[in-house]
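Protein chains: 4
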Amino acid sequence: MSSSTQARPVEEGWDGGESLKRRQILAGASSVFMSKGFNGASMGEIARVAEVSKGTLYVYFQNKEQLFEACIDEKRRSFLARVLDFHDEAPVEDELRRFGMALARFVAEPEVIMAIRTVTGIAEQMPELGARFYDNGPGHSARVFAAYLDRKVAAGELAIQNTALAALQFADMCQSNLSRPLLFGVNLSAHERELRAEASVTQAVQTFLATYRHRGADAC
Amino acid sequence: MSSSTQARPVEEGWDGGESLKRRQILAGASSVFMSKGFNGASMGEIARVAEVSKGTLYVYFQNKEQLFEACIDEKRRSFLARVLDFHDEAPVEDELRRFGMALARFVAEPEVIMAIRTVTGIAEQMPELGARFYDNGPGHSARVFAAYLDRKVAAGELAIQNTALAALQFADMCQSNLSRPLLFGVNLSAHERELRAEASVTQAVQTFLATYRHRGADAC
Amino acid sequence: MSSSTQARPVEEGWDGGESLKRRQILAGASSVFMSKGFNGASMGEIARVAEVSKGTLYVYFQNKEQLFEACIDEKRRSFLARVLDFHDEAPVEDELRRFGMALARFVAEPEVIMAIRTVTGIAEQMPELGARFYDNGPGHSARVFAAYLDRKVAAGELAIQNTALAALQFADMCQSNLSRPLLFGVNLSAHERELRAEASVTQAVQTFLATYRHRGADAC
Amino acid sequence: MSSSTQARPVEEGWDGGESLKRRQILAGASSVFMSKGFNGASMGEIARVAEVSKGTLYVYFQNKEQLFEACIDEKRRSFLARVLDFHDEAPVEDELRRFGMALARFVAEPEVIMAIRTVTGIAEQMPELGARFYDNGPGHSARVFAAYLDRKVAAGELAIQNTALAALQFADMCQSNLSRPLLFGVNLSAHERELRAEASVTQAVQTFLATYRHRGADAC
DNA sequence: TATGAATGAGACTTCATTCAT
DNA sequence: AATGAATGAAGTCTCATTCAT
Numbered sequence: 001m002s003s004s005t006q007a008r009p010v011e012e013g014w015d016g017g018e019s020l021k022r023r024q025i026l027a028g029a030s031s032v033f034m035s036k037g038f039n040g041a042s043m044g045e046i047a048r049v050a051e052v053s054k055g056t057l058y059v060y061f062q063n064k065e066q067l068f069e070a071c072i073d074e075k076r077r078s079f080l081a082r083v084l085d086f087h088d089e090a091p092v093e094d095e096l097r098r099f100g101m102a103l104a105r106f107v108a109e110p111e112v113i114m115a116i117r118t119v120t121g122i123a124e125q126m127p128e129l130g131a132r133f134y135d136n137g138p139g140h141s142a143r144v145f146a147a148y149l150d151r152k153v154a155a156g157e158l159a160i161q162n163t164a165l166a167a168l169q170f171a172d173m174c175q176s177n178l179s180r181p182l183l184f185g186v187n188l189s190a191h192e193r194e195l196r197a198e199a200s201v202t203q204a205v206q207t208f209l210a211t212y213r214h215r216g217a218d219a220c
Numbered sequence: 001m002s003s004s005t006q007a008r009p010v011e012e013g014w015d016g017g018e019s020l021k022r023r024q025i026l027a028g029a030s031s032v033f034m035s036k037g038f039n040g041a042s043m044g045e046i047a048r049v050a051e052v053s054k055g056t057l058y059v060y061f062q063n064k065e066q067l068f069e070a071c072i073d074e075k076r077r078s079f080l081a082r083v084l085d086f087h088d089e090a091p092v093e094d095e096l097r098r099f100g101m102a103l104a105r106f107v108a109e110p111e112v113i114m115a116i117r118t119v120t121g122i123a124e125q126m127p128e129l130g131a132r133f134y135d136n137g138p139g140h141s142a143r144v145f146a147a148y149l150d151r152k153v154a155a156g157e158l159a160i161q162n163t164a165l166a167a168l169q170f171a172d173m174c175q176s177n178l179s180r181p182l183l184f185g186v187n188l189s190a191h192e193r194e195l196r197a198e199a200s201v202t203q204a205v206q207t208f209l210a211t212y213r214h215r216g217a218d219a220c
Numbered sequence: 001m002s003s004s005t006q007a008r009p010v011e012e013g014w015d016g017g018e019s020l021k022r023r024q025i026l027a028g029a030s031s032v033f034m035s036k037g038f039n040g041a042s043m044g045e046i047a048r049v050a051e052v053s054k055g056t057l058y059v060y061f062q063n064k065e066q067l068f069e070a071c072i073d074e075k076r077r078s079f080l081a082r083v084l085d086f087h088d089e090a091p092v093e094d095e096l097r098r099f100g101m102a103l104a105r106f107v108a109e110p111e112v113i114m115a116i117r118t119v120t121g122i123a124e125q126m127p128e129l130g131a132r133f134y135d136n137g138p139g140h141s142a143r144v145f146a147a148y149l150d151r152k153v154a155a156g157e158l159a160i161q162n163t164a165l166a167a168l169q170f171a172d173m174c175q176s177n178l179s180r181p182l183l184f185g186v187n188l189s190a191h192e193r194e195l196r197a198e199a200s201v202t203q204a205v206q207t208f209l210a211t212y213r214h215r216g217a218d219a220c
Numbered sequence: 001m002s003s004s005t006q007a008r009p010v011e012e013g014w015d016g017g018e019s020l021k022r023r024q025i026l027a028g029a030s031s032v033f034m035s036k037g038f039n040g041a042s043m044g045e046i047a048r049v050a051e052v053s054k055g056t057l058y059v060y061f062q063n064k065e066q067l068f069e070a071c072i073d074e075k076r077r078s079f080l081a082r083v084l085d086f087h088d089e090a091p092v093e094d095e096l097r098r099f100g101m102a103l104a105r106f107v108a109e110p111e112v113i114m115a116i117r118t119v120t121g122i123a124e125q126m127p128e129l130g131a132r133f134y135d136n137g138p139g140h141s142a143r144v145f146a147a148y149l150d151r152k153v154a155a156g157e158l159a160i161q162n163t164a165l166a167a168l169q170f171a172d173m174c175q176s177n178l179s180r181p182l183l184f185g186v187n188l189s190a191h192e193r194e195l196r197a198e199a200s201v202t203q204a205v206q207t208f209l210a211t212y213r214h215r216g217a218d219a220c
């Protein structure tokens, strides 16, 4: 309870995990949480995997939940930068396809599947964590993509009223035939995953452009 | 081997939960599993909620996993019959909208959200259960919807090459803006949920028809 | 508690197990107790093996301990009549050998080993039962054998001061190299068991006669 | 795999019970196992008697069986060193009597009786443990004694063909009138035990020498 | 007489957490 | 800062026993 007898990292806002030990712990904990889920993971196993003592875990994190939050935050951060750089100069169709394929492949990664399972799995117990994850993960992606669409609308290449919705639906068309079954544990081979990605994205692009391409009809 | 020693339900194939106690247990267990997840739920709490003794739980179900499976099966069954009766004589647009709205509202139900969380949450531990759930739930829905589309294609009202994919993508467009955030714990008011359903389905129908309505292309 | 509402067999002294059900139960219970020990046996398994309901067990026996006692009594009785008919007219050496071999083979029977294990295993909890079993089993055998020796002493064929002790020690020499290891779980093939019986008994007879045969020494 | 997470004793090969807690646990566990048998003993009672928490039990021993094994091993070790130092220079008769009395008194000790009961009681469940106990306990004693006899045979003091068998039978003659009834729970006063030991050993020595003393026969 | 549904105490074991060093 | 020994509450599951029918 007193702040003078405890180790520093817990008390201060040392978010920028400088310490080597902290890194070790986060790496080990992530690996265990991702493979066993929150409840299935035990602090003992995390300590073993991270190669620190159980006591040390509690020097850096107040309890299991906070350790979990820190892991998820880290995952989220690492997810962000990928996928999301749009090239405005490229043809829309190419860019849609590139984004769609990147997204489809991304959500099919075992690590991503596990992260989603883990977070949704305790969303009831820790809803703010889940909401934050959604907002900064899928939500953020959708907003960045929507902004790209906005620019294309402004450029007269697309005709979309609700770009936020269009972005979301395009993303869903690209990924759902992969993400959903994988989340439920359906076993898909790498080949099968690639096939599904290809088919979903191709059709999604076609559908998207059939709907939103400016003068999509007057091209005839 | 003999049927005379233990309680009947475990020994015989009493799947149709006739017994009152069995119903009680399933009701209590569903409630606890849905709110705490598989690992978070304890047999003790289930017994307390179901108002039976812990021992009785094991008279009716061999272990926690089998009790969980029974709960999920029940949920799944109740999910099936809804949503899925297509009226071939109605206009396609109306029918798409009806199906889309039913689906969107359905996946937004707290009970459904919780069931999905629970099942995906232990898909790593029990992948066959998850896969079965997917196949008989979302998978089944998609197949029934695809069959409807097939009939419409045959009737010359729609022009779709891959109806299975089209079905899936339509369904995803209808539900994802609801299902996904809700799964992650984002809090949406009833009003907000209805608004999103309306917007998603409306746009999904429009997109779908823009892409697949016969004469969509041959008007050129 | 009241005697009018309970079933008869428990209340009265119906020891002569007339009832078919009682026999069934004893047979099943013996088999389970012998293979699992007192604590390892469960009333549920006994009921299953005996093909009666668990409730019926408690109609015939007040509780697990009494059922066990009844089983042991039965075993004991069946053990008695074997082995123990001595033929006074036969040569002593032949008769010692016959008795010794019968005893050695008897104690090597799996059923006997198990009975001994079971009874000694709970002798701490139920010492009277164990003592009774000893007295009516090994004790009784030793007394009958000692009586035979008494007759031979009276007939002038043997010279023994303490026939009770001589009887006991002869019996021990015959059986210990079999009984003891088997009790501890040492695995002996049928062939090995027979070899040991043969060697032990042969040597025991020789030792016994070298010590106790009248004129054993004055033959010189 | 790493040694830093769990308590040391379980991970490392700390067989030599250095730790105080380990000693405490073994003492408590021995006492409970010896008085209740393996199945009758509960980890809760062991923890209470040992004055440690239940959790601590599992820090030092992986499970109940391993704790039991450790107790038995300890007992066995303590058994070995006693009784078994033979003085080749002493007269055979004196040495036989000394060994016989030591053995008889040893097997009459309550602790020894209980250890034997406990081990034979679960020999069905854990036969290797029982066999090991037999081999290192009674078996070892018999072998050491037989080696002594071998030396006496070599010295021309005894004439024995099968010293292993002779050793076993001598030991049995000394102890069986004590060990067997005590195992079954027959209650013998200290005085009675001493009387039996005296009588059994005296007679055993006499019998042994009558049979095996060199010149026993050639005196004729 | 015979049953089988129901119970609740208690079994073994795990694990998040604390604390002295 | 780091450890590891120690804890006790809580987990799943078993089982002897009771009771209404």
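Chain order of the listed sequences is A, B, C and D. full-length UniProt numbering puts the first residue of the first sequence at 1, with every later residue one more than the last. full-length UniProt numbering puts the first residue of the second sequence at 1, with every later residue one more than the last. full-length UniProt numbering puts the first residue of the third sequence at 1, with every later residue one more than the last. full-length UniProt numbering puts the first residue of the fourth sequence at 1, with every later residue one more than the last. Cβ atoms here follow ideal geometry from the backbone N, Cα and C, with glycine treated the same way. Since this is a predicted model, take the numbers as computed values, not measurements.
C-beta contact flag for residue i and residue j at 7 angstroms
{"i": "alanine 41 (chain A)", "j": "leucine 57 (chain A)", "result": "no"}
{"i": "leucine 168 (chain B)", "j": "alanine 142 (chain B)", "result": "yes"}
{"i": "aspartate 172 (chain D)", "j": "aspartate 135 (chain C)", "result": "no"}
{"i": "arginine 117 (chain D)", "j": "threonine 120 (chain C)", "result": "yes"}
{"i": "methionine 34 (chain B)", "j": "methionine 126 (chain B)", "result": "no"}
{"i": "histidine 214 (chain D)", "j": "alanine 159 (chain D)", "result": "yes"}
{"i": "alanine 104 (chain A)", "j": "leucine 178 (chain A)", "result": "yes"}
{"i": "phenylalanine 38 (chain C)", "j": "arginine 76 (chain C)", "result": "no"}
{"i": "alanine 146 (chain A)", "j": "cysteine 174 (chain A)", "result": "no"}
{"i": "glycine 28 (chain C)", "j": "glycine 130 (chain D)", "result": "no"}
{"i": "arginine 23 (chain C)", "j": "tyrosine 60 (chain C)", "result": "no"}
{"i": "alanine 210 (chain B)", "j": "alanine 210 (chain A)", "result": "yes"}
Minimum C-alpha distance to residue i - residue among the options
{"i": "glutamate 65 (chain A)", "options": "A:Val52, A:Met43, A:Asp85", "result": "A:Met43"}
{"i": "alanine 102 (chain C)", "options": "C:Thr202, C:Leu20, C:Gln206", "result": "C:Thr202"}
{"i": "glutamate 74 (chain D)", "options": "D:Arg213, D:Ser31, D:Ser53", "result": "D:Ser31"}
{"i": "glutamate 89 (chain A)", "options": "A:Ala123, A:Arg22, A:Arg77, A:Glu157", "result": "A:Glu157"}
{"i": "tyrosine 148 (chain B)", "options": "B:Ala29, B:Glu69, B:Arg76, B:Phe99", "result": "B:Phe99"}
{"i": "arginine 193 (chain D)", "options": "D:Phe106, D:Met114, D:Val92", "result": "D:Phe106"}
{"i": "alanine 108 (chain A)", "options": "A:His191, A:Ser19, A:Ala131", "result": "A:His191"}
{"i": "leucine 165 (chain A)", "options": "A:Tyr212, A:Phe133, A:Glu198, A:Ala154", "result": "A:Tyr212"}
{"i": "glycine 137 (chain C)", "options": "D:Lys36, D:Val59, D:Leu26, D:Pro181", "result": "D:Pro181"}
Min CB distance residue i to chain C below 7 angstroms
{"i": "phenylalanine 184 (chain D)", "result": "yes"}
{"i": "glutamine 169 (chain D)", "result": "yes"}
Cβ of residue i within 7 angstroms of any chain B Cβ
{"i": "arginine 117 (chain A)", "result": "yes"}
{"i": "aspartate 172 (chain A)", "result": "yes"}
{"i": "valine 205 (chain A)", "result": "no"}
Opening and closing residue of the alpha helix (DSSP H) in which residue i lies
{"i": "alanine 166 (chain D)", "result": "163-183"}
{"i": "glutamine 125 (chain D)", "result": "That residue, glutamine 125 (chain D), is in no alpha helix (DSSP H); it is neither H nor E in DSSP."}
{"i": "asparagine 39 (chain C)", "result": "20-40"}
{"i": "valine 205 (chain A)", "result": "190-212"}
Reduced DSSP category for residue i - H, G, I as helix; E, B as strand; rest coil
{"i": "glutamate 12 (chain B)", "result": "At glutamate 12 (chain B) the pLDDT is 41, less than 50, meaning the model places this residue with poor confidence; the figure from the coordinates comes in the next sentence. The answer is coil: DSSP assigns glutamate 12 (chain B) none of H, G, I, E or B."}
{"i": "leucine 158 (chain A)", "result": "strand"}
{"i": "histidine 140 (chain A)", "result": "helix"}
{"i": "glutamate 69 (chain B)", "result": "helix"}
{"i": "proline 91 (chain D)", "result": "coil"}
{"i": "phenylalanine 61 (chain B)", "result": "coil"}
Any chain D beta carbon closer than 7 angstroms to residue i
{"i": "asparagine 136 (chain C)", "result": "no"}
Contact with chain A by residue i, beta-carbon distance below 7 angstroms
{"i": "alanine 47 (chain B)", "result": "no"}
{"i": "alanine 146 (chain B)", "result": "no"}
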